[in-house]
Every structure is written in C-alpha cells, then in structure tokens.
Amino acid sequence: MNITALVGRLTKDPELRYTQSGTAVCEFTLAVPRDFKNAQGEYESDFIRCIVWRKSAESFANHFHKGSRTQVTGRIETGSYEDKNGNTVYTTKVVVENWGFIDTKTENDQYRQSNGNQSNNQPQSNQQGGGSDWPQGGGTTTISDEDLPF
C-alpha cells in the first residue's frame, strides 16, 4: 500500500502549469519538520516535492503561497531521467490526492506579512529555476497525454 500524509509549510509559491491538452498541474515543495532534535538541539526539516493535478491543482495554487501551512495525503511516486551529461537522476515526489487548510485566513495573512511575503495568492512561475523540471518563463508546457500518471 502506498499512502503518505504530510503537514508542513510551502517553501515558495506553488507553480501552476498546464499540459498541452489543458490539464492543470501544480508543483510545490513542502518543508516538513522532524519530530526530534539534532545534536545541536534544533529541529530539522525534510523538503518534499509534491504535485497536484486538474481542478485541485488550480484551487491549491489560488489558496496557498510561500509560508502557508497545509496538510496533504497522497502517494509516493519515484522515477528517473537522464540529464544533459548522460547521468541518471532519480526523483521522488508525492502525488497529492487530498489537501487541506491548517491556518485560518487571519493566521495565514499574519504569517505572510511578518515574513515579508506580500503575495496576492496568485500562482507565480519559477524564475530562478530552483531545481524545478519545468522550463522557465511560465506559459504552457508540453506534456503528452501518454506521460500523465492516470
């Protein structure tokens, strides 16, 4: 059985894109704190890539931003691809099936203001690259329907 449940904060605004056939897809990284302290007495976090599809992707991108706390459930999906140098790169991400709010709108707005994030909750493209497999600059990304995991 492949089931995972996570609670954490988004490390940056969600990245909303559309496939060639118009299917919405949203990617984000969730910082999930570990429940124990390291040798220095600090809590560490794991940074987990997540992906949401279709209407749920559009809704997620419209409601969450950098710093938002969310809960997600889904399944772990692994894969691999060959980079420009011919090296095999292994990937792991959570395919989100359900997500939910943790903070109230007031808490969410207060966190955003206190951390200097004045986002208007609109999805933004990844302009720095930041390890995303998506091309830079936003717009439509071509993904064949055969590549979709459903």
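Under the numbering used here, the first residue of the sequence shown is numbered 130, with each subsequent residue one higher.
The beta carbon of each residue, even a glycine, is placed where N, CA and C say it ideally should be.
Computed from a predicted structure; not experimentally measured.
Quiz item: So, helix, strand or coil for T150, using DSSP?
Solution: Looking at the sequence provided, one finds Ser at residue 150 rather than Thr. Three-state DSSP puts S150 in coil, outside helix and strand.
Quiz item: Which partner residues does D160 have in the DSSP bridge list?
Solution: Note on residue identity: the sequence assigns Ala, not Asp, to residue 160. Answer by DSSP bridge pairing, in chain order: R138, F176.
Quiz item: DSSP three-state call for F230: helix, strand or coil?
Solution: strand
Practice problem: Between the Cα of K141 and those of A190, T221, K195, F176, spot the shortest distance and give me the residue it belongs to. | Solution: Closest by alpha carbon: K195.
Quiz item: Apart from the five residues on each side of it in sequence, which residues of its chain come closer than 6 Å, Cβ to Cβ, to N180?
Solution: For the sequence presented, residue 180 should be read as Ile rather than Asn. Excluding positions up to five away in sequence, the list reads E156, K222, V224.
Exercise. Report the three-state DSSP secondary structure of F193 (helix, strand or coil).
Key: coil
Exercise. Would you list the one or two residues that DSSP bridges to Q200?
Key: V136, G229
Practice problem: Using alpha carbons as the reference points, say which of T220, T199, N227 lies closest to L159. | Solution: T199
Self-check item: Any 3 or more C-beta pairs closer than 8 Å across the stretch 181 to 193 and the stretch 209 to 222
Solution: no
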